[in-house]
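**Q** I'd like to ask you about the structure that follows.
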Amino acid sequence: NFDHRWMEYPMRGYDIRHPLDCSVKTFRGHSTLQTLIRAYFSPAQSTGHRYLYTGGYDGYVRIFDILSGQVVECLSYHNGLVRDVAWHPTDHVLNSLGWDGRVVTWEHNSDGDSCHQDSEEEEEEEEDEE
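Number 130 marks the last residue of the sequence shown (UniProt numbering); no jumps.
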């Protein structure tokens, strides 16, 4: 009676597959404890579906290169589980939503670094300016 929402995956570190598993590729590096984590392909228009992105129980947003299977970005800002992530259809911008109540916008800069803005911090800065 395994339940991924409350229990660690049994026999961690072993390659366990269901007999009817038809997966082509398995990406490792994110945790799903407490909730089902969604994974999405990056948009065709801006990336050619080259990447897979997901949020994790550990508070990270991970971007995987589909060809190599490696994590190419590991973005950290949330103080808890990342519930969902969405990639802008034409720009190199992602939004993540965490159980900490934060909505974070991630932008990919030309120098290759990612930066972020927290929606709550923006509102506080605007209030301070007034």
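For each residue, glycine too, the CB sits at the ideal point set by N, CA and C.
Out of curiosity, what's the CA-to-CA distance linking V85 and F41?
**A** For the purposes of this step, residue 85 is taken as residue 85 along the sequence shown, with counting starting at 1. For the purposes of this step, residue 41 is taken as residue 41 along the sequence shown, with counting starting at 1. Spanning the two alpha carbons is a distance of roughly 11 Å.
**Q** In three-state terms, what does DSSP make of T47?
**A** Position 47 of the sequence shown, counting from 1, holds the residue named residue 47. Reduced to three states, the DSSP call for T47 is helix.
**Q** Of all the options T90, S68, G101 and R38, which has the alpha carbon lying nearest to the alpha carbon of V61?
**A** The residue you call residue 61 lines up with position 61 of the sequence shown. Of T90, S68, G101 and R38, the residue nearest in Cα terms is R38.
**Q** Start and end of the beta strand (DSSP E) containing S96?
**A** Residue numbering aside, residue 96 sits at position 96 when the sequence shown is read from its first letter. V93 to G98 is the span of the beta strand (DSSP E), which, as asked, contains S96.
**Q** Have a look at the DSSP bridge pairing and note the partners of S76.
**A** The sequence position of residue 76 within the sequence shown is 76, counting from 1. In the DSSP output, where bridge partners are listed per residue, S76 has Y60.
**Q** According to DSSP, is L67 helix, strand or coil?
**A** Residue 67 sits at position 67 when you count from the first residue of the sequence shown. It is coil, neither helix nor strand.
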